[in-house]
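> The sequence shown begins at 389 in this note's numbering and counts up one residue at a time.
Ideal Cβ positions, reconstructed from N, Cα and C, are used throughout, including at glycine.
Please find one structure pasted underneath; my questions will follow.
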Amino acid sequence: MLRLLAIFVFLVSFSAPVFPQDITVGDTVRLIERDIHIPAHPAPGNSQVPFRFAGGTSAEVLAIDSDTGWIEILGERVGGVQTSGWITQRYIDTVVTSPAPSNTPVWCPPKGSPEPHPSGRLRIATWNIENLHAEDGGTTYTGNDPSVARVAADYARIRCYVRLFDPDILAVQEVDGEAALKRIVDNDVYDVVVSQRPKPDFMSGRQNTGFAYKKGLDVQPKPDFQDLDIASDGRLRYGTRIDLTHQGITLQLMSVHLKSGCFSGGSGSVCQRLFGQAKELEDWIDAAAEGPHPFIVLGDFNRRFNIAGDVIWQDLDDGEPTNADLLAVTENMPISCRDNKYPDFIDHIVLDKRATRFVDRSSFRHVTYRQADKPAWDKISDHCPVMIEMWLP
Numbered sequence: 389m390l391r392l393l394a395i396f397v398f399l400v401s402f403s404a405p406v407f408p409q410d411i412t413v414g415d416t417v418r419l420i421e422r423d424i425h426i427p428a429h430p431a432p433g434n435s436q437v438p439f440r441f442a443g444g445t446s447a448e449v450l451a452i453d454s455d456t457g458w459i460e461i462l463g464e465r466v467g468g469v470q471t472s473g474w475i476t477q478r479y480i481d482t483v484v485t486s487p488a489p490s491n492t493p494v495w496c497p498p499k500g501s502p503e504p505h506p507s508g509r510l511r512i513a514t515w516n517i518e519n520l521h522a523e524d525g526g527t528t529y530t531g532n533d534p535s536v537a538r539v540a541a542d543y544a545r546i547r548c549y550v551r552l553f554d555p556d557i558l559a560v561q562e563v564d565g566e567a568a569l570k571r572i573v574d575n576d577v578y579d580v581v582v583s584q585r586p587k588p589d590f591m592s593g594r595q596n597t598g599f600a601y602k603k604g605l606d607v608q609p610k611p612d613f614q615d616l617d618i619a620s621d622g623r624l625r626y627g628t629r630i631d632l633t634h635q636g637i638t639l640q641l642m643s644v645h646l647k648s649g650c651f652s653g654g655s656g657s658v659c660q661r662l663f664g665q666a667k668e669l670e671d672w673i674d675a676a677a678e679g680p681h682p683f684i685v686l687g688d689f690n691r692r693f694n695i696a697g698d699v700i701w702q703d704l705d706d707g708e709p710t711n712a713d714l715l716a717v718t719e720n721m722p723i724s725c726r727d728n729k730y731p732d733f734i735d736h737i738v739l740d741k742r743a744t745r746f747v748d749r750s751s752f753r754h755v756t757y758r759q760a761d762k763p764a765w766d767k768i769s770d771h772c773p774v775m776i777e778m779w780l781p
């Protein structure tokens, strides 16, 4: 009897569960040791197990579901790859560290609200975040010219800039996946979706489009617009699609990242690729213009639409059909990014004729970075966010 009691005390002392209220988003936790490792699930309450996290490893808490208590973590799956998934609290052994206060800049604004503005205002933004990897020290491009590698303080700094302009919907480009995107937004404020473009072995980088959007919004993720991959093998990025229903109005949104290297003019093989993508995009725009819902296409177009007579912009903005009479909110707006190294916009927010009537042009903002952060500009991004506000009745 005494032996059984001793075993019971031993088990309790080493297996006491850590409940969700003891854990916060951003904590580093240690998973329990287990021969068959830790089942990972695609969503809270979903019993499917597409992969397993390696037992006994550390992971970062990305989100906690208030209804089920399940916890989303970024951790090491069996085989060594970092990825995100949902687990139940029983598989967490202990909290290793809470978020280090030193990682958050002193100027950092407080979190925004996950709910939309009660006035009906929608703040829409786009941001190319330059090869955003999910892991500290990770790069999407390696070799002689690797892409930017960031540490925890860099991710925290980017998150503070997102708080600074507080978008309701943020279109993103050059993110490795959902785990990467979740590192630079507050996961109790935003939900995220990232393109499901395949990543063949020959690809040296993983640049994808996506969205972060406030949890209180009525957003429906839609299938990727795959036709932008005119190579048909995953070489070119898909458009990420969502539908937003707000104040009784449904808006179609697509985040794009078109082929780089043909910023103006039209000669060369790179331009032919961009022109091919532009034709597919025009077809989508024309079809959407004849449909029932207004639309917004936003992102890194890698094209200077605001140069007089730009042929790609003329093709997109041809007013046929009628609702394909477009507005690029960057038109006649000043550049304000990293000491204005580049004189023209290539990141744009493009609206159809119906969506244009909701736009407050005076709210346009090109969000530059603090001069005090200049030594870290390259760890933030080589692009700056473009933002506009819309007022739905």
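Nearest-angstrom Cα distance between Ser769 and Thr710?
Rounded to whole angstroms, Ser769 to Thr710 spans 37 Å at the Cα level.
> Under 8 Å by Cβ, that's how I've got Arg691 and Phe651 pegged, so tell me the actual separation to the nearest angstrom.
With 8 Å as the limit, Arg691 and Phe651 qualify as a contact, their Cβ atoms being about 6 Å apart.
> Within 10 angstroms of the Cβ of Thr718, are there 16 or more other Cβ atoms? Answer buried if so, exposed if not.
Thr718 is buried by the Cβ-count criterion.
> Check Ala676 in the structure and name its three-state DSSP category.
Note: Ala676 maps to helix in three-state DSSP.
> Once DSSP output is grouped into helix, strand and coil, what is the label at Ile768?
Correct three-state label for Ile768: helix.
> In angstroms with no decimal places, state the Cα-to-Cα distance between Ala619 and Val658.
Their backbone Cα atoms lie some 12 Å apart in a straight line.
> Please report the distance separating the alpha-carbon of Met775 from that of Val644.
C-alpha separation (whole angstroms): 15 Å.
> If I follow the unbroken alpha helix (DSSP H) through Glu746, where does it start and stop?
Glu is not the amino acid found at residue 746; the sequence shown has Phe there. Phe746 -> no alpha helix (DSSP H), and no H or E assigned at all.
> Which runs of the alpha helix (DSSP H) spanning at least 4 residues fall entirely within the segment 464 to 509, listed in chain order?
With a minimum length of 4 residues, no continuous alpha helix (DSSP H) run stays inside the segment 464 to 509.
> With distances taken Cα to Cα, identify the nearest neighbour of Ala449 among Asp455, Pro427, Gly473, Gly468.
Before going on, a small fix: residue 449 reads as Val here, not Ala. Per the Cα distances, Gly473.
> By a C-beta neighbour count over all protein chains shown, 10 Å radius and 16 as the cutoff for buried, is Asp671 buried or exposed?
Exposed, because fewer than 16 other Cβ atoms sit within 10 Å of the Cβ of Asp671.
> Please classify Val699: does DSSP put it in a helix, a strand, or coil?
Helix.
> Please go through the same chain and pick out, in chain order, the residues whose beta-carbon is closer than 7 Å to the beta-carbon of Ala540, but skip the five residues on each side of it.
Same-chain partners within the cutoff: Asn491, Asp524.
> Per DSSP, which one or two residues make a beta bridge with Tyr578?
In DSSP, Tyr578 forms a bridge with Lys602.
> Is it buried or exposed for Gln640, if we count other Cβ within 10 angstroms and need 16 for buried?
Under this definition Gln640 is a buried residue.
> Tell me, please, whether the segment 447 to 461 touches the segment 500 to 514 by the rule of three or more beta-carbon pairs shorter than 8 Å.
Contact between the segment 447 to 461 and the segment 500 to 514 is absent, because fewer than three Cβ pairs lie under 8 Å.
> For my contact list, Pro430 and Pro438 are in at a C-beta cut-off of 8 Å; report their separation, rounded to the angstrom.
Going by Cβ atoms, the distance from Pro430 to Pro438 rounds to 6 Å, so yes, they are a contact pair.
> Per DSSP, Lys610 is paired with what?
Beta-bridge pairing links Lys610 to Arg629.
> Could you spell out where the beta strand (DSSP E) holding Pro568 opens and where it closes?
A small fix is needed here, since residue 568 is Ala in this sequence, not Pro. Where Ala568 is concerned, there is no enclosing beta strand (DSSP E), although the alpha helix (DSSP H) it sits in stretches over 566 to 570.
> Can the beta-carbon of Val755 be found less than 7 Å from the beta-carbon of Met778?
Their beta carbons are not under 7 Å apart, which means Val755 does not touch Met778 by this criterion.
> Looking at C-alpha atoms only, which residue of Glu503, Val573, Gly467, Leu739 is the closest neighbour of Ile426?
Among Glu503, Val573, Gly467, Leu739, the Cα nearest to that of Ile426 belongs to Gly467.
> Should Pro502 and Lys602 be called a contact, given that it needs their Cβ atoms to be closer than 7 Å?
Against a cut-off of 7 Å, the Cβ pair of Lys602 and Pro502 comes out as a contact.
> Would you mind sorting Ser655 into buried or exposed? The rule is 16 or more other CB atoms within 10 Å of its CB.
Exposed: under 16 other Cβ atoms inside 10 Å.
> Reducing DSSP to helix, strand and coil, say where Glu670 ends up.
Reduced to three states, the DSSP call for Glu670 is helix.
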